[in-house]
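*Asks:* First the structure, then my questions, so here it is.
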Amino acid sequence: MTDSPSPQHGDTLLLRNAHLLDLEAGTWREGDLLCVDGRIAPDADAPGDAEVLDVRGGFVLPGLIDAHVHVTAFTAALGSLASTPPSYVTAQAARIMGGMLDRGFTTVRDMAGADFGLARAQREGLVRGPRLAFGGKALSQTGGHGDSRDAGSWHHDEHPCCADHGRVADGVDAVRVAARDELRKGAHHIKVMASGGVASPTDRIDSTQYSPAELRAAVEEAEAANRYVAAHAYTARAVNRALEAGVRSIEHGNLIDDRSVELLTEHDAFLVPTLVTYWALKTEGREFGLSDDSWRKVDDVLGAGLGALERAARGGARIAYGSDLLGGMHRHQNEEFRIRSEVQKPLDVIRSATSVAAELLGMSGEIGTLAAGARADLLVLDGDPLADIAALADPARHQVAVVQGGRQVK
Ligand code: ZN
Ligand code: ZN
424 MTDSPSPQHG DTLLLRNAHL LDLEAGTWRE GDLLCVDGRI APDADAPGDA EVLDVRGGFV
484 LPGLIDAHVH VTAFTAALGS LASTPPSYVT AQAARIMGGM LDRGFTTVRD MAGADFGLAR
544 AQREGLVRGP RLAFGGKALS QTGGHGDSRD AGSWHHDEHP CCADHGRVAD GVDAVRVAAR
604 DELRKGAHHI KVMASGGVAS PTDRIDSTQY SPAELRAAVE EAEAANRYVA AHAYTARAVN
664 RALEAGVRSI EHGNLIDDRS VELLTEHDAF LVPTLVTYWA LKTEGREFGL SDDSWRKVDD
724 VLGAGLGALE RAARGGARIA YGSDLLGGMH RHQNEEFRIR SEVQKPLDVI RSATSVAAEL
784 LGMSGEIGTL AAGARADLLV LDGDPLADIA ALADPARHQV AVVQGGRQVK
């Protein structure tokens with residue numbers, strides 16, 4: 424991300440009596456942490472006028488990174504975004520982003536919907552929320568996961584409208600134009616729909632979407648701009664062809680096989696599971712606008728997700744934290760920590776939401792670390808999450824403070 428928030432000059436914040444997480448060693452170091460001008464300072468010698476936050480033995484981690492969110496998805500009926508006034512969607516997004524910051528997420532990667540306007544508003548302090556890496560509108564083939572028309576609709580608008588989360592582009596040339604257009608608008612990555620999905624009205628989970636040539640065209644355009652492609656994909660068939668086309672991150676991947684894990688490591692790609700959303704959609708989805716047809720599709724992926732995560736972790740793939748929640752279900756964002764800890768060590772889950780997610784965003788050393796020089800985005804907990812993941816999974820009970828750019832924001 425090139426357009427990160429500018430540091431707030433002149434601010435000095437000293438965190439006293441902390442347990443500081445060493446992410447590489449997986450251990451805590453007792454000490455103080457000094458933040459100067461929005462960044463972590465090399466030593467803790469604070470000037471006399473520093474603001475002091477005594478955390479009394481609290482546990483300090485880098486601010487969390489969620490690599491799969493939709494900050495504009497105030498409803499699970501994504502198709503309705505196209506006919507909602509963008510001003511209203513923005514107001515809802517501001518509320519959703521504030522909630523994410525309050526849950527300890529200081530950076531998020533938006534996977535369809537958010538644009539440069541929201542990112543700029545956050546950067547300028549107009550909107551309180553996490554730093555935003557956005558991809559603009561997701562590219563979808565006709566009848567794909569980003570085509571929100573139901574089977575009875577004939578009409579198709581050539582021009583992507585307003586607050587819609589996706590745009591339809593068919594054929595290599597149209598995919599190139601769409602990718603270039605999102606890059607023109609500042610996209611940090613290009614999102615493509617490479618398989619069927621849950622919230623789309625007409626496709627099947629087990630369909631593949633986009634031809635290899637179309638996927639390669641998107642990858643070529645993204646790479647030309649020093650960006651990358653992230654692909655929504657569930658089945659091994661869809662995931663493996665996306666990885667072979669050069670896609671850098673696989674979103675969901677609930678039905679991957681051993682070959683998928685090999686391809687992930689061979690291609691230095693990332694897997695971004697989003698397990699919490701299936702659990703939330705199954706229990707609360709219809710309350711928040713999910714259609715009955717979509718609700719029935721949740722079963723196709725719900726049970727397999729944890730096994731996919733275990734398979735990928737065992738095979739050494741890089742795994743980033745994702746939640747993918749919609750509508751009123753955003754409040755479950757931290758529950759993903761608890762779900763993943765059923766098959767992964769707490770340290771590995773924490774890495775997925777810090778150092779590994781930072782790598783995915785191309786921001787290693789900047790975020791997701793407590794190293795000197797990094798942005799002073801911090802999370803203070805009253806319990807040790809390496810010993811009990813509840814310290815992260817229950818933010819309302821265990822979060823003491825959130826610091827963003829060297830300022831306490833909660
Ligand atoms: Zn998706
Ligand atoms: Zn998503």
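For the sequence shown, this note's numbering gives the first residue as 424, with consecutive numbering after it.
Yeah, the Cβ is synthetic: ideal placement off N, Cα and C, and Gly gets one too.
Would you call the region 458 to 469 and the region 798 to 817 touching, i.e. three or more CB-CB distances under 8 Å?
*Replies:* For the pair of segments examined, the region 458 to 469 was found to touch the region 798 to 817: the number of CB pairs separated by less than 8 Å reaches three.
*Asks:* Compute the distance between the beta-carbons of leucine 698 and glycine 669, then report whether it is under 7 Å.
*Replies:* Contact: no.
*Asks:* Can you name, in chain order, every residue of its own chain whose Cβ lies under 8 Å from the Cβ of proline 818, other than the five neighbours on each side?
*Replies:* The residues are Asp525, Arg526, Gly527 and Asn757.
*Asks:* Closer than 6 Å: is that where the CB of histidine 655 sits relative to any heavy atom of ligand 1?
*Replies:* yes
*Asks:* Would you identify the three-state DSSP class for asparagine 757, choosing helix, strand or coil?
*Replies:* coil
*Asks:* Tell me the start and end of each unbroken beta strand (DSSP E) in the region 761 to 807 that is at least 3 residues and wholly inside, in chain order.
*Replies:* 801 to 804
*Asks:* Which two residues bound the contiguous alpha helix (DSSP H) that contains serine 510?
*Replies:* 509 to 525
*Asks:* Give the DSSP-derived three-state secondary structure of lysine 824 in the structure shown.
*Replies:* The sequence shown places alanine at residue 824, rather than the lysine named in the question. Three-state DSSP puts alanine 824 in a strand.
*Asks:* Just confirm the distance between the C-beta atoms of glycine 619 and histidine 568, as a whole number of angstroms; I'd bet it's less than 8 Å.
*Replies:* 6 Å
*Asks:* Using the DSSP secondary-structure output, state which residues sit across from proline 485 in a beta bridge.
*Replies:* Leu801
*Asks:* Measure the C-alpha to C-alpha separation of lysine 705 and alanine 810 and round it to an integer number of angstroms.
*Replies:* Approximately 30 Å between the Cα atoms of the pair.
*Asks:* Roughly how many whole angstroms lie between the Cα atoms of threonine 529 and leucine 770?
*Replies:* Their backbone Cα atoms lie some 19 Å apart in a straight line.
*Asks:* Which residues in the same chain as glycine 785 place their Cβ atom closer than 6 Å to its Cβ, once the five residues preceding and following it in sequence are excluded?
*Replies:* none
*Asks:* Taking DSSP's pairing of strands, which residues face histidine 655 in a bridge?
*Replies:* Met616 and Glu674
*Asks:* Just verifying my parser: in three-state terms, what is the DSSP assignment at tryptophan 577?
*Replies:* Here tryptophan 577 sits in coil by DSSP.
*Asks:* Closer than 8 Å by C-beta to tyrosine 676: which residues in its own chain qualify, once you throw out the five before and the five after it? Chain order, please.
*Replies:* Before going on, a small fix: residue 676 reads as glycine here, not tyrosine. Answer for glycine 676: Ala656, Tyr657, Val662, Ser683, Leu694, Val695, Pro696, Ala731 and Ala735, listed in chain order.
*Asks:* With distances taken from each beta carbon to the nearest heavy atom of ligand 2, which residues come in below 5 Å, in chain order?
*Replies:* Taken from the N-terminal end onward, the list reads Met534 and Asp747.
*Asks:* What separation, rounded to the nearest whole angstrom, lies between the Cα atoms of histidine 612 and glycine 566?
*Replies:* Roughly 23 Å between the two C-alpha positions.
*Asks:* Apart from the five residues on each side of it in sequence, which residues of its chain come closer than 6 Å, Cβ to Cβ, to alanine 556?
*Replies:* Apart from sequence neighbours up to five positions away, the residues of its chain that approach alanine 556 with a beta-carbon distance below 6 Å are Met424, Arg532, His611 and Leu784, ordered along the chain.
*Asks:* Comparing alpha-carbon positions, which option in Ala514, Arg590 and Ala648 lies nearest methionine 616?
*Replies:* Distance from the Cα of methionine 616 is smallest, within the candidate group Ala514, Arg590 and Ala648, for Arg590.
*Asks:* Can you name the start and end residues of the beta strand (DSSP E) that valine 699 belongs to?
*Replies:* Note, valine 699: premise wrong, no beta strand (DSSP E); alpha helix (DSSP H) at 698 to 707.
*Asks:* Can you tell me whether cysteine 458 is buried or exposed, with buried defined as 16 or more other CB within 10 angstroms of its CB?
*Replies:* buried
*Asks:* On the criterion of 16 or more Cβ atoms from any shown chain inside 10 Å, does aspartate 587 qualify as buried, or is it exposed?
*Replies:* buried
*Asks:* Does the beta-carbon of tyrosine 511 have 16 or more other beta-carbons within 10 angstroms, so that it is buried, or is it exposed?
*Replies:* By the 16-neighbour rule on beta-carbons within 10 angstroms, tyrosine 511 is exposed.
*Asks:* By the DSSP assignment, the alpha helix (DSSP H) with glycine 730 in it spans what residues?
*Replies:* 728 to 737
*Asks:* Are tyrosine 651 and glutamine 564 touching if we call contact CB-CB under 7 Å?
*Replies:* no
*Asks:* Since arginine 671 and threonine 631 should fall inside the 8 Å C-beta cutoff, what is the C-beta to C-beta distance between them, to a whole number of angstroms?
*Replies:* With 8 Å as the limit, arginine 671 and threonine 631 do not qualify as a contact, their Cβ atoms being about 18 Å apart.
*Asks:* Taking 6 Å as the cut-off, is the CB of glycine 620 close to at least one heavy atom of ligand 1?
*Replies:* yes
*Asks:* Secondary structure at aspartate 722, three-state DSSP: helix, strand or coil?
*Replies:* helix
*Asks:* I need the boundaries of the beta strand (DSSP E) containing alanine 814, first residue and last residue.
*Replies:* Run containing alanine 814: none in the beta strand (DSSP E); it sits in the alpha helix (DSSP H), 813 to 816.
*Asks:* Per DSSP, what kind of secondary structure is aspartate 538 in: helix, strand or coil?
*Replies:* coil
*Asks:* Could you tell me which of Gly559, Leu815, Asp626 and Ile628 sits nearest to lysine 608, measuring between CA atoms?
*Replies:* Gly559
*Asks:* Output the distance between the C-alpha atoms of proline 509 and cysteine 585, rounded to the nearest integer angstrom.
*Replies:* Their Cα atoms are separated by approximately 6 Å.
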